[in-house]
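Input: a single structure, listed below in structure tokens.
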Amino acid sequence: MQTNLRGRDFISDLDFSKEEVETVMEVAFDLKRKRALGEPHAYLRDKVLAMLFFFTSTRTRGSFEAGMAQLGGHGAFIDSETTQISHGDTAKEIGEIFGRYFDGIAIRQCDWQFGNKYENEVAAASRVPVLNMQCDIYHPFQCLADLMTIFEKKGRDLRRKKMVVSWAYAASYSKPISVPQSLILQMTRFGMDVVLAHPPEFKLMPDIVQQAQDNAKKYGTGFEIVHDMDEAFKDADIVYPKSWGPLVTTTDKNEGKALTEKYKSWITDARRMKLAKEDAIYMHCLPADRNLEVTDEVIDGPQSVVYDEAENRLHAQKAVMALTMG
Ligand code: CP
-6 MQTNLRGRDF ISDLDFSKEE VETVMEVAFD LKRKRALGEP HAYLRDKVLA MLFFFTSTRT
54 RGSFEAGMAQ LGGHGAFIDS ETTQISHGDT AKEIGEIFGR YFDGIAIRQC DWQFGNKYEN
114 EVAAASRVPV LNMQCDIYHP FQCLADLMTI FEKKGRDLRR KKMVVSWAYA ASYSKPISVP
174 QSLILQMTRF GMDVVLAHPP EFKLMPDIVQ QAQDNAKKYG TGFEIVHDMD EAFKDADIVY
234 PKSWGPLVTT TDKNEGKALT EKYKSWITDA RRMKLAKEDA IYMHCLPADR NLEVTDEVID
294 GPQSVVYDEA ENRLHAQKAV MALTMG
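Read in order, the letters of the sequence shown are residues -6 to 319 in the working numbering.
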């Protein structure tokens, strides 16, 4: 168990070592148990977390805000539109000033080729931990909740379990690439053989893919990329199909839309689920484009664990907040 997390930022999945993530998991399960038993666990009494959002949210806002209250503190929701950021407050000023008011600064800034840079600039100027509620590159808290859910459903020994991280078609908007990138970075450290599936134009950032390959080598796991959803699903233990934009290929909206429309067949339906193992689980971070990314039958069916995943956001985030802000 590694306990040296106080004061640390959590912006990239790999900011915490594997052992540190294991510590987060132990604390998260303890906090989940305490909440189920109604045991008080006010580890952050009188502490306040700034929750700065540049983008909409259901789960992230709800779980961070509830989590801070359950830990005895307060989560201050700040919509960037209501601040003076558009009138000139720089990242350095936000880090300096919020770092003096608050005990932690959580940020969601997903703008492509900007969000991660912004969060790191705030962190460089802040005297308190900066927590990444999703940027253009990573969604590390989603991934911790996903890991916790996989431990619950598949056990702690995940060696040789096949996890598929797949692109899926959606029509709503060009979704960030942060979830699949976090998944391939973190899950390759935890025993699973990770298969990344996407149409050729929907590749992830080359340096992230390289880090996933390096992890797989270091931890003796598998990592491969395929361009066929059916091939990926064969004999899978865990499937995590979701949409993301072709941002690495093009930032032109019309071109991106045209590319996306080529791949309407990339849906998770009952036929495709049958290619996976009988006890395979279906995961999605939500929100999903229902009946485009995934059929109602699958997402509402017995193999779906999406609500447990959403719940585990709360417990995993409380663990990181208690360990870093305490
Ligand atoms: N999964 C997730 O981050 O959900 P929200 O966008 O609703 O916060």
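For each residue, glycine too, the CB sits at the ideal point set by N, CA and C.
Item to check | Cβ contact (3+ pairs, closer than 8 Å) linking the region 45 to 65 and the region 301 to 308 | outcome: yes
Checklist entry - Mind pulling the alpha helix (DSSP H) runs of 4 or more residues that sit fully within the region 182 to 225? => result 199 to 212
Checklist entry - Cβ of Thr51 within 7 Å of any heavy atom in the ligand CP? => result yes
Item to check | Spatial neighbours of Gly319 in its chain, beta-carbon cut-off 7 Å, leaving aside the 5 residues before and after | outcome: Arg(-1), Tyr36 and Leu37
Checklist entry - If we call anything under 8 Å between Cβ atoms a contact, is Gly147 one with Asp230? => result Note that residue 147 is Lys in the sequence shown here, rather than Gly. Yes. Within cutoff.
Checklist entry - So, is Phe199 buried or exposed, given that buried needs 16 or more other C-beta atoms within 10 angstroms? => result Correcting the residue type first, residue 199 is Pro in the shown sequence and not Phe. With fewer than 16 other Cβ atoms within 10 Å, it is exposed.
Next on the checklist: At a cut-off of 7 Å, would you count Pro133 as near the ligand CP, judging by its Cβ distance to the nearest heavy atom?
Outcome noted: no
Checklist entry - Quick one: complete alpha helix (DSSP H) runs, 4+ long, within the region 122 to 166? => result 133 to 147
Item to check | Beta-carbon separation (whole angstroms), Ala163 vs Ser236, contact threshold 8 Å | outcome: 3 Å
Checklist entry - Among Ala209, Glu224 and Leu45, which one has its Cα closest to the Cα of Leu176? => result Ala209
Checklist entry - Any chance the CB of Leu307 is under 7 Å from a heavy atom of the ligand CP? => result no
Next on the checklist: What would DSSP say about Pro338, mapped onto helix, strand or coil?
Outcome noted: Coverage of the chain is limited to positions -6 through 319, which leaves residue 338 absent and any answer about it impossible.
Checklist entry - Cβ atoms of Thr288 and Ala263: under 8 Å apart, would you say? => result yes
Next on the checklist: Rounding to the nearest angstrom, what Cα-Cα distance links Pro169 and Arg152 in this structure?
Outcome noted: 29 Å
Checklist entry - So, helix, strand or coil for His277, using DSSP? => result coil
Checklist entry - Rounded to a whole number of angstroms, what is the C-alpha to C-alpha distance between Asp301 and Ala21? => result 14 Å
Next on the checklist: Cutting at 8 Å between CB atoms, please list the residues of its own chain near Gly88, excluding the five before and the five after it.
Outcome noted: Ile98, Glu114, Val115, Ala116, Ala117, Ala118, Ser119 and Val123
Next on the checklist: Considering only DSSP beta bridges, list what Asp72 is partnered with.
Outcome noted: Phe46
Next on the checklist: By alpha-carbon positions, which one of His191, Gln204, Gly213 and Ser167 ends up nearest to Gly184?
Outcome noted: Gly213
Item to check | Distance between Glu271 and Tyr131 (C-alpha atoms, nearest Å) | outcome: 31 Å
Next on the checklist: Just verifying my parser: in three-state terms, what is the DSSP assignment at Ile100?
Outcome noted: strand
Next on the checklist: Using 8 Å as the threshold, is the C-beta distance between Leu42 and Lys311 below it?
Outcome noted: no
Checklist entry - Is any heavy atom in the ligand CP found nearer than 7 Å to the beta carbon of Pro280? => result yes
Checklist entry - When we look at the beta-carbon of Ser171 and count the other beta-carbons within 10 Å, is it buried (16 or more) or exposed? => result buried
Checklist entry - Quick one: does the C-beta of Gln310 sit closer than 7 Å to a heavy atom of the ligand CP? => result no
Item to check | Coil, strand or helix - Val287 by DSSP | outcome: strand
Next on the checklist: Considering only their Cβ atoms, is the gap separating Gln127 from Arg101 smaller than 8 Å?
Outcome noted: yes
Item to check | Separation of Met276 from Tyr166, as counted between CA atoms | outcome: 20 Å
Checklist entry - For the ligand CP, is there a heavy atom less than 7 Å away from the beta-carbon of Gln102? => result no
Item to check | For His308, the first and last residue of its enclosing alpha helix (DSSP H) | outcome: Val299 to Met318
Checklist entry - What distance in whole Å lies between the Cβ atoms of Val17 and Val313, which are believed to be in contact at a cut-off of 8 Å? => result 6 Å
Next on the checklist: Can you tell me whether Phe326 is helix, strand or coil according to DSSP?
Outcome noted: Residue 326 lies beyond the stretch modelled for the chain, which goes from -6 to 319, so this question has no answer here.
Checklist entry - Buried or exposed: which applies to Lys211, given that a residue is buried once 16 or more other Cβ atoms fall within 10 Å of its Cβ? => result exposed
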